[in-house]
Amino acid sequence: MTTPRRLSDEFWDLRDDAYDAPARWSGVTAEQVFQRLAESVEAAEGAGEIDATRDLSAVLKRWRTQVTGIEPPRYS
Numbered sequence: 089m090t091t092p093r094r095l096s097d098e099f100w101d102l103r104d105d106a107y108d109a110p111a112r113w114s115g116v117t118a119e120q121v122f123q124r125l126a127e128s129v130e131a132a133e134g135a136g137e138i139d140a141t142r143d144l145s146a147v148l149k150r151w152r153t154q155v156t157g158i159e160p161p162r163y164s
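What follows is the structure in structure tokens.
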């Protein structure tokens, strides 16, 4: 049985990514991160789709790529 992911796991994933690959985050400010996070959560709440354990870090990583133009590495 696998342990379900928690919201805190998503934030730790984002933190680890910023630590491991700071260049991917170089064009992103803290204000932008929290703005995007608030917009994402607000939209999900409005649609009745809030699931904090689902895709939160993926959404922010896609947005970060749009802002910085730096693609994340592909893992197989």
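Going by our numbering, the letters in the sequence shown line up with residues 89 to 164, in that order.
Think of the CB as a built atom: it goes at the ideal place given N, C-alpha and C, for glycine as much as any other residue.
Exercise for the section: Return the first residue and the last residue of the alpha helix (DSSP H) that Glu98 is part of. Expected result: As a first step, residue 98 is located in the sequence shown; it is residue number 10 there, counting from the start. Element bounds for Glu98: Leu95 to Asp108.
Handout entry: Beta-carbon proximity of Arg124 to Ile158, cut-off 8 Å
Key = Here residue 124 refers to the residue found at position 36 when the sequence shown is read from its first residue. Here residue 158 refers to the residue found at position 70 when the sequence shown is read from its first residue. It is not a contact, given that the beta carbons lie outside the stated cut-off.
Exercise for the section: Would you mind sorting Leu95 into buried or exposed? The rule is 16 or more other CB atoms within 10 Å of its CB. Expected result: Start at 1 with the first residue of the sequence shown, and residue 95 comes out as number 7. Exposed, by the Cβ-count rule.
Handout entry: Proximity to Val121 [Cα-Cα], best of Tyr107, Lys149, Asp101 and Pro110
Key = The residue you call residue 121 lines up with position 33 of the sequence shown. Here the closest residue by C-alpha is Lys149.
Problem - Cβ neighbour criterion (16 or more within 10 Å) applied to Glu130 - result: By one-based count along the sequence shown, residue 130 stands at place 42. With fewer than 16 Cβ atoms within 10 Å of its Cβ, Glu130 is classed as exposed.
Problem - Segment limits, alpha helix (DSSP H) that includes Arg162 - result: The count along the sequence shown starts at 1 and reaches residue 162 at position 74. Premise fails: Arg162 is in no alpha helix (DSSP H) and is neither H nor E.
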